[in-house]
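Everything below concerns the one structure shown next.
Numbering (the numbering used here), first residue to last: 23 to 1004.
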């Protein structure tokens, strides 16, 4: 981390920045206004106004920034005068010269006397007003709560005296300890609240997700610090920075010495009663209710009220919830609790435990377990811990349940060793439900390797569950091996009654599901049939649901789509009735996948996936099954062309912080969307992350999409020979023995496209690769003939696309081939490949000298691509249109213009700096010159706003300018009649 504010990344204050920018724009139209920003110390107010000031300066605004001093005898108007002096010293332009000339006169004014104050108010008002005639002026007073009375009066005076001038006043102030307006500012705030041109905004701590992202910018390799940083800061950026710095300085607890000393000094100034309150609240769990605090401290109402008020006024304690207290932030809690002597700590926790004993209600058991453990009573802690774990599971708080079961397994209670294995199993199951797949795997592996490891049927069941956990973690090879070992551990004798039959059904159903996941449908069907007998015999609902799901999914591919769907619906009903959310999630995913995939019922599949995601979130699986279903919905939306909604689902899924296979599924869906929209670098970032999990040993259902997307990415980057390599790796996966023709049909089309692109680009041919590809295409057609009608139609369309790609490099091929493919895709309701096929149809028709028909097809392609904001596709359409010199009105204006008309009249580089810009940088500059914001430029050019910012930085550097106005001026000087074509 860098120590300078300029060196630290700014993040997470979009709404506040937008407020300030909007206020400045309104000021330029309507006259003077003000924004006052309040908030806790360290929350980020200064960093916010600094970032805003940097933006405003780049936009041509004069920004004056001054900070009030925390001293009793600060000079009158110090923040404003110091801001003027700094601008006169470092600024350029007329405003700097005006300020420099006036400062001598201001220094001679006696601002301390009443007459001098009035004179100074008038002179400062006139001075700021003169500067605002040439450009907008922003006056920032930081730490306004420390400002002298004259500066506070100036705020109101400027608003009244410069009502029609382009002046924006920005003040920041620190809330008082109770969270209200500081007493020194109350008169000013009361007056300003009556003013229509004044906006008040509280700067809140960053949400946890934004703080985690900021921490990732500071320390990309230390995501493990996030829980500590959040606990210490609860979103306060200064405290977060101090925590990180303390860790980097060698303190594993992350308590900075400066904060430690401040807290200790403040506590030393409290009365004994107030110190007791602070210590008791620090030892509590969460918010400490007033009656509980009274019981712990054994104080009378009046005496306790006085002590609490003192602690609140000193900034230690804050009111929390409806009737409770907490310390102001986690770092303060860490320091106060850490300073307790062992005897003090044990006594406080025992007081809490005895005060809570006998109480009931949500969370009481967990608090009781914590206090009994910290008080040194493990037996009482174990009883409370088991109750807390059961309660957490009932409330579907699986992450909390995992922690409670793990604590139960580690408490040193005499005679509990025999139960430890069961606690580990429950902890693993809870971790899996919470989405912590790695912990689930580790705990169950520990159980299976322990001195009291189960054998026989119990071992088989645990190994089957281990296989499921490994599959969720994305470790496909290990999962399949664990499932095989589970089946091998089954006793030879099938007898034994209902419990044995239920366990056998669970193990066989787990193995069938593992085989289905790796797309070995025939083997999965065989094992599922074996599991069906014991499952039906004892009515084991979880196993029965899994078996029916496997059989239904396989049947839909090869025999009867309706029967397969019916079997899956029965499986969903059984799983719902069983109360097992994991099995229900698996069944819902398979039904949604069947609808949106092989059966090509996209709308139904997307609706099923969304409804399933909501149901899984209700059951506490928002981080696992719900994520998979949202990713599935996003993929279906991508195919049907509702990309904005797909992006929303991906955002919701990613916000759940998924891990393992679920994280891979979301990244794949996001990579697909990013590539379609033209964010190729973002797509590459996601695919590289997927590669780490779904590498050569990953699940085929994850590995194949990865290789298909990599091939597509390389083709958009103009590297078809690399795309061919990815297709070849995908065929290796296919040849490993998968049956999912739906999954690998797109791979074959990408292979045909890569071959055509490579030939057209003059790359060396790959005869053996082409023969291999065509052999698989033949097998695809044969498989399609044996598939259900819906899947057969989809596979036939993919083969038609492959044939059309061949026609691109086949002399004398029918120019109308691609039009037929486009019609097929349009009937399937897939606008993105339809637009691509129209593009290729237009290209073929233009090559056949049928300019009118070719231009029409390009227009239809452009219409579809523009609705999707598919930037790479639009760029290729525009490139073909420019090369063919045909007008395509449906293209965005900037793309439709011939390159020679969009480019400046080139002269020698020193005379015309525009020749230093790339085509894309010139396009950005042209849209900027029309007054567009970064967001508007991004929308016009179908690129990300961050990409616009990067382009602008390069443009400013190449042109030697510092703001947008200057850059636009360079364009106008060198291309005075831009937009006029020959």
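Ideal Cβ placement from N, Cα and C applies to all residues, glycine included.
What does DSSP give as the partner residue(s) for residue i in the beta ladder?
i	result
residue 164	89
residue 220	56
residue 195	60
residue 347	310, 341
residue 190	55, 160
residue 84	159
What are the start and end residues of the beta strand (DSSP E) that includes residue i?
i	result
residue 61	55-61
Helix, strand or coil for residue i per DSSP?
i	result
residue 159	strand
residue 362	coil
residue 908	coil
residue 123	helix
residue 566	helix
residue 382	coil
residue 392	helix
residue 241	coil
residue 670	helix
residue 922	With a pLDDT of only 37 at residue 922, under the threshold of 50, the placement of this residue in the model should not be trusted; the figure read from the coordinates follows. Three-state result, residue 922: helix.
residue 978	helix
residue 928	Caution applies to residue 928, whose pLDDT of 38 falls short of 50 and renders its modelled position unreliable; the value that the coordinates give is listed next. DSSP places residue 928 in coil when its eight states are reduced to three.
residue 399	coil
residue 23	For residue 23, the predicted structure reports a pLDDT of 49, less than 50, and the residue's modelled location is therefore unreliable. A value from the coordinates is still provided. Coil.
residue 895	helix
residue 494	helix
residue 417	coil
Any idea if residue i is buried or exposed, counting beta-carbon neighbours within 10 angstroms, 16 or more meaning buried?
i	result
residue 381	exposed
residue 620	buried
residue 852	buried
residue 924	Summary for residue 924: the model assigns pLDDT 41, below 50, so the residue's position carries little reliability, and this model does not support an answer.
residue 797	exposed
residue 67	buried
residue 93	exposed
residue 612	buried
residue 995	exposed
residue 541	buried
residue 1003	Unreliable positioning characterises residue 1003 in this predicted model, as indicated by a pLDDT of 30, which lies under 50. The coordinate reading is nonetheless provided below. Counting Cβ neighbours within 10 Å, residue 1003 comes out exposed, since fewer than 16 surround it.
residue 378	buried
residue 804	exposed
residue 474	exposed
residue 52	exposed
List the endpoints of the continuous alpha helix (DSSP H) containing residue i.
i	result
residue 756	742-757
residue 760	Per DSSP, residue 760 belongs to no alpha helix (DSSP H) and is neither H nor E.
residue 883	873-890
residue 632	624-640
residue 852	Residue 852 -> no alpha helix (DSSP H), and no H or E assigned at all.
residue 279	279-290
residue 785	Taken as a continuous stretch (DSSP letters only), residue 785 belongs to no alpha helix (DSSP H), as it is neither H nor E.
residue 459	459-471
residue 989	986-996
residue 551	543-560
residue 298	294-305
residue 657	647-662
residue 820	811-829
residue 698	682-699
Is residue i near the ligand ATP, in the sense that its beta carbon is under 7 Å from a heavy atom of that ligand?
i	result
residue 101	This structure does not include the ligand ATP; it has no bound ligands of any sort.
Taking only beta-carbon positions, decide if residue i is within less than 8 Å of chain B.
i	result
residue 782	The chain labelled as chain B is not found in the depicted structure, where only one protein chain is given.
**Prompt:** Three or more beta-carbon pairs under 8 Å between the segment 223-242 and the segment 681-696, yes or no?
**Reply:** no
**Asked** Touch check for the segment 621-632 and the segment 644-658: three-plus C-beta pairs under 8 Å?
**Response** yes
**Request:** Assess, as a yes-or-no matter, whether the segment 395-414 is touched by the segment 434-452 under the definition of 3 or more beta carbon pairs within less than 8 Å.
**Result:** yes
**Request:** Inspect the CB distances between the segment 588-598 and the segment 727-743 and report whether three or more fall short of 8 Å.
**Result:** no
**Request:** Evaluate contact between the segment 291-299 and the segment 369-379, counting only Cβ atoms and requiring at least three cross-stretch pairs below 8 Å.
**Result:** no
**Asked** Does the pairing of the segment 253-264 with the segment 351-361 give three or more beta-carbon distances under 8 Å?
**Response** yes
**Message:** Under 8 Å, with one C-beta from each stretch per pair, do the segment 108-120 and the segment 37-48 reach the 3-pair mark?
**Reply:** no
**Asked** Does the pairing of the segment 813-832 with the segment 775-783 give three or more beta-carbon distances under 8 Å?
**Response** yes
**Message:** So, does the segment 785-793 touch the segment 760-770, judging by three or more C-beta pairs under 8 Å?
**Reply:** no
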